[in-house]
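Structure first, commentary second.
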DNA sequence: GCACCTTAATGCGTATACAATAGTATATGA
DNA sequence: TCATATACTATTGTATACGCATTAAGGTGC
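Chains as they are written, first to last, in the working numbering: chain A, 1 to 247; chain B, 1001 to 1247.
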């Protein structure tokens, strides 16, 4: 549970305290991405605590900035902030897992016809490239990279619909899905295996929105089915319920 | 454009600086709600600036807290934060308006069958009550109340589906819709008039999810059609495109 | 020996102070 | 009189300092 925080600071050898405001916004974006990535890639596992002081040291920004980032992550449900206990990587409940996949089925499938209409040959080749890289990562055993690429694929797909609002929503759902995979996925079987993505691209390239829609539905159901979504409940056992007392 | 900020502080006669941490979180939630409500009720119109100092005075909290709240509102797209210019109520673009309504059609319609399955007589009477109050407000000419109640109705409906994730998303979409109505709606015709909501409840009470779905689609299309969504474009004309220069 | 109380340490919530920047106004020169 | 440049003001971005809460450990009393 306790992990080394420094590992998420992949490419920033102490920014040298670049003072008050060396393009400040940029830095925050970078840090946000770093933490987000670390969570999605499961370098930071559900339940891992994210102490503000530790992050402050790692990224060399003040707590103010860290807090801003943590709150953003909290709104996206990647981290959970408990009032006086601090932030930690959220451990999705079974209900949340169900909700997220239901939402993905509804939105991502609904988007497919639109995508099929708008897609260009350029987009197709880009998607194929992404699928190829994902496949390669999977074969090389780089799980975290594969998960990340898979999420990126689904996000890119949603963007192609042209609806920025729904694309952003899908993006969030994909991030949360990565967490869900981390908690409820069995070791060997991590979603989006096989050639599903390649097949999906073919349908879209043909302009067959309905087939793509049906296939996406199947695809998501398969991923969900591969999970073992059972409530762990260890966190806060409901003593009232267990012992049948009212107060 | 410049409005009186104090009007959003409806019911808090100076909390008397209740010190360091008198259930601090609670206060923030209240303030968040107050600002959010004021935007949705169009007491704060799109483009209105939200200066941190002013809010600090009105609500009697430090800028730190205000900033937190503003950032939350920004993530929900209710306010826009421009890097060194501060926060203002967002003025939705035409593209955003289209995206939001497309999203609402997809999600809210998709949720109807689920709602029809889960709904209880208790829920039905609650919804009828909400619809009645909305109608009354509309007849009494209380526009802002009516808009707020209408949004609340749609949100409650989404909640009844049992999917918290999608419900939260719908909630956001409804908030943004209020803004869109404020910008693109014609004066007289503010959405959700007539007895649409009552009819919808009837379909749901009968358990006819498909009819409810179709009706919801019609309902949302009607609202969207009543808007005059034309790009104002004054905001940030793309000079590169206009003058055809590459750099 | 066990339980409870006290104390210390850790860590977050809040406020305040300082730095930097964008917008505005004014002054000066042509 | 108009245009340009400079100085100023208003407002945000960032960091730091302080205070309270919670937790854990150690000591003392029973």
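All C-beta atoms, glycine included, are put in the ideal place defined by N, C-alpha and C.
Contact check, residue i vs residue j, beta carbons under 9 Å
| i | j | result |
| --- | --- | --- |
| residue 1183/B | residue 1095/B | no |
| residue 1100/B | residue 1177/B | yes |
| residue 163/A | residue 1038/B | no |
| residue 33/A | residue 61/A | no |
| residue 155/A | residue 196/A | no |
| residue 216/A | residue 108/A | yes |
| residue 1069/B | residue 1035/B | yes |
| residue 1201/B | residue 1085/B | no |
| residue 1106/B | residue 110/A | yes |
| residue 104/A | residue 173/A | yes |
| residue 1063/B | residue 1052/B | yes |
| residue 1025/B | residue 83/A | yes |
Local conformation of residue i per DSSP, three classes
| i | result |
| --- | --- |
| residue 229/A | coil |
| residue 49/A | strand |
| residue 64/A | helix |
| residue 141/A | coil |
| residue 1207/B | coil |
| residue 1192/B | Because the pLDDT at residue 1192/B is just 49, under 50, the model does not fix this residue reliably, and the value given afterwards should be weighed accordingly. Three-state result, residue 1192/B: coil. |
| residue 1220/B | helix |
| residue 1202/B | helix |
| residue 1043/B | coil |
| residue 175/A | helix |
| residue 36/A | helix |
| residue 1160/B | coil |
| residue 1022/B | In this prediction, residue 1022/B has a pLDDT of 43, which is less than 50 and means its spatial position is unreliable; what the coordinates show is noted afterwards. The answer is coil: DSSP assigns residue 1022/B none of H, G, I, E or B. |
Rounded C-alpha distance that separates residue i from residue j
| i | j | result |
| --- | --- | --- |
| residue 208/A | residue 1161/B | 30 Å |
| residue 167/A | residue 175/A | 12 Å |
| residue 229/A | residue 1074/B | 34 Å |
| residue 21/A | residue 1087/B | The pLDDT assigned to residue 21/A is 38, lower than 50, so where the model puts this residue is not dependable, and the model offers no usable value. |
| residue 1142/B | residue 1118/B | 33 Å |
| residue 1137/B | residue 1180/B | 20 Å |
| residue 211/A | residue 114/A | 12 Å |
| residue 1093/B | residue 1047/B | 12 Å |
| residue 132/A | residue 170/A | 22 Å |
| residue 1148/B | residue 226/A | 42 Å |
| residue 1072/B | residue 67/A | 12 Å |
| residue 1192/B | residue 1029/B | Unreliable positioning characterises residue 1192/B in this predicted model, as indicated by a pLDDT of 49, which lies under 50. A coordinate reading is not provided. |
| residue 204/A | residue 150/A | 17 Å |
| residue 1078/B | residue 144/A | 35 Å |
| residue 1041/B | residue 1186/B | 16 Å |
| residue 43/A | residue 219/A | 26 Å |
| residue 152/A | residue 123/A | 14 Å |
| residue 1224/B | residue 1055/B | 33 Å |
| residue 1140/B | residue 1045/B | 22 Å |
| residue 126/A | residue 146/A | 17 Å |
| residue 1116/B | residue 1206/B | 8 Å |
| residue 1213/B | residue 1157/B | 12 Å |
Per DSSP, the bridge partner or partners of residue i
| i | result |
| --- | --- |
| residue 185/A | 227/A |
Practice item. Identify every run of the beta strand (DSSP E) within the segment 46-130 of chain A, keeping only runs that are complete inside it and at least 3 residues long; order them along the chain. Key: You should have 79-82, 86-89.
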